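When you line the sequence shown up against the working numbering, it's residues 1410 to 1610, in that order. These notes concern the structure reproduced below.
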Amino acid sequence: MPHIPVLAAEEIIRAGRRMDQRGWVPATAGNISVRIEGPRIAITCSGGHKGFLDSFSVIEVDADARVVTPGARPSAETRLHCQIYRAFPDAGAVLHGHSVANTVLSLEEPGPALSFSGYEVQKIFAGQTTHDATLHLPLFDNDQDMARLAGVVAPHLPGMTMGYLIRGHGVYVWGPNMDMALARLEGLEFLLACALERRRK
Ligand SMILES: [Zn+2]
1410 MPHIPVLAAE
1420 EIIRAGRRMD
1430 QRGWVPATAG
1440 NISVRIEGPR
1450 IAITCSGGHK
1460 GFLDSFSVIE
1470 VDADARVVTP
1480 GARPSAETRL
1490 HCQIYRAFPD
1500 AGAVLHGHSV
1510 ANTVLSLEEP
1520 GPALSFSGYE
1530 VQKIFAGQTT
1540 HDATLHLPLF
1550 DNDQDMARLA
1560 GVVAPHLPGM
1570 TMGYLIRGHG
1580 VYVWGPNMDM
1590 ALARLEGLEF
1600 LLACALERRR
1610 K
């Protein structure tokens, strides 16, 4: 069995520290993955704090979320990461976090999406060249049955620009590599924090 490349594990550990510093992975929340190559995916195992990851916290799964690393305990949400890699062949890293802003807004918004327009930071998302556009962040109801949740998300994935938000739970964001995925998560959390502040006025 091939080992997880050191670089892939290091990128996941670094992302975990960054997400923890920003308050996006409280308690044992969140999960982080990178595509090693083709159908090989490195991802954080179930549980554990994402600010204190080590190489034993990173496991390998295949494109169908089957565990490759012997004895590893996968997170239930591994299935959602794999779904994103299958839908977006150019996705190189996927991040999932639970912030205050994404949790509060997703619970307060009764509609099927949050919309953003007029923000300069919108340009961090794929294909966006101007603030003068409206971007939509789809909202899905939380579900502990990941197969059922993946089925609800699937038809919305093609053309999804920002990622998506699970109500009362957290966001999924991806990019061609870890740096870009982190930048997009930061951009999205900035937009959500702005939206939360404007609703409080
Ligand atoms: Zn979660």
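Glycine included, each C-beta is placed from N, C-alpha and C at the ideal position. None of these values were measured; they are calculated from a predicted model.
Quick check on the DSSP output: what are the complete beta strand (DSSP E) runs of length 3 or more inside the stretch 1505-1558, in order along the chain?
1522-1526, 1543-1549
Short Cβ contact (7 Å threshold) for Gly1460 with Gly1579
Here residue 1460 corresponds to residue number 51 of the sequence shown, with the count starting at 1. Here residue 1579 corresponds to residue number 170 of the sequence shown, with the count starting at 1. Their beta carbons are not under 7 Å apart, which means Gly1460 does not touch Gly1579 by this criterion.
What is the rounded straight-line gap between the Cα of Ile1450 and the Cα of Lys1610?
In the sequence shown, residue 1450 corresponds to position 41, counting from 1. In the sequence shown, residue 1610 corresponds to position 201, counting from 1. When rounded, the distance between both Cα atoms is 43 Å.
Report back the beta-carbon spacing between Pro1521 and Leu1548 to the nearest angstrom; my notes put them in contact at under 8 Å.
Stepping through the sequence shown from its first residue, residue 1521 is reached at position 112. Stepping through the sequence shown from its first residue, residue 1548 is reached at position 139. That pair is a contact at about 6 Å.
Cys1454 and Arg1482 - do their beta-carbons sit closer together than 7 Å?
In the sequence shown, residue 1482 corresponds to position 73, counting from 1. In the sequence shown, residue 1454 corresponds to position 45, counting from 1. A contact, by the Cβ cut-off of 7 Å.
In this structure, does DSSP put Pro1567 in helix, strand or coil?
Counted from its first residue, the sequence shown places residue 1567 at position 158. Coil.
Could you tell me the boundaries of the alpha helix (DSSP H) in which Thr1487 lies?
In the sequence shown, counting from the first residue as 1, residue 1487 sits at position 78. Looking at the DSSP string, the run of the alpha helix (DSSP H) that includes Thr1487 is 1487-1496.
What does a CB cutoff of less than 8 Å around Ala1662 pick up in its chain, not counting 5 residues either side in sequence?
Nothing can be reported for residue 1662, as the shown portion of the chain is limited to 1410 through 1610.
Is Gly1425 near ligand 1 - that is, is its Cβ less than 6 Å away from at least one heavy atom of it?
Position 16 of the sequence shown, counted from the first residue, corresponds to residue 1425. Result no, Cβ not under 6 Å from ligand 1.
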